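For the sequence shown, UniProt numbering assigns the number 1 to the initial residue and increments by one for each residue that follows.
Built from N, CA and C at the ideal position, the CB exists for glycine as well.
Everything numeric in this text was worked out from a predicted model, so none of it was measured.
Here is the structure we will look at, set down as structure tokens.
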Amino acid sequence: MHIETTDFSPNEASSRESMLEQIERISDSFLVAHNERGTVVGYVAGPVTAGHFVEDRMFEHSERNPNFYGYQKITSLAVHPDYQGQGIAKELMSRFIEQARLKNRRGVSLTCHDYLVGYYERYGFVNKGISESQWGGEIWYDMTLELRKSR
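Written out as structure tokens, the structure reads:
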């Protein structure tokens, strides 16, 4: 929770209850980075759903992920400030995307602020424009990375 509340504003951060539910229900899409002492220094997480884009409800409640298919969402990518700039987010993203490929997900979707659009484009995400999400009273951009062509 310290990383969540450090990296996100109070209106954007997930609640403790929501984080605990994510760990319990979607642990297969909640990746954690540790330092040499075993302390959590970063994580990436999100549910898998049939829909293409992130929806506000996903920040508050999680259903169990299907074993295969669907779209992998990213509702949080966070690295403790003391460990930023060391490639941890890049490693988390790479592993998260690879895990989505292995589970035959159709793609990976996330929302981000305008100043992060370029960051996610480096991973191959495509900006789909302003999101319908209004989480935290902010303006978000839908970003998608297609892994499989839709039939």
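* Using a Cβ-Cβ cut-off of 7 Å (strictly less than) and excluding sequence neighbours within five positions of residue 124, which residues of its own chain qualify? -> 145
* Distance, Cα to Cα, residue 117 vs residue 21? -> Cα-Cα distance, rounded: 28 Å.
* Asked: Of the residues 23, 45, 85, 127, which one's Cα is nearest the Cα of residue 97?
  -> 45
* Do the stretch 44–63 and the stretch 97–113 meet, that is, are 3 or more Cβ pairs less than 8 Å apart? -> yes
* To do: Tell me whether residue 117 sits in a helix, a strand or coil according to DSSP, three-state version.
  => helix
* Segment contact flag, the stretch 32–40 with the stretch 53–70, C-beta cutoff 8 Å, min 3 pairs -> Segments in contact, no.
* What does DSSP give as the partner residues of residue 144 in its beta bridges? -> 109, 126, per the DSSP bridge assignment.
* **Opening and closing residue of the alpha helix (DSSP H) in which residue 52 lies** => Neither: residue 52 is in no alpha helix (DSSP H) and is coded neither H nor E.
* Alpha carbon to alpha carbon, how far is residue 31 from residue 92? -> 7 Å
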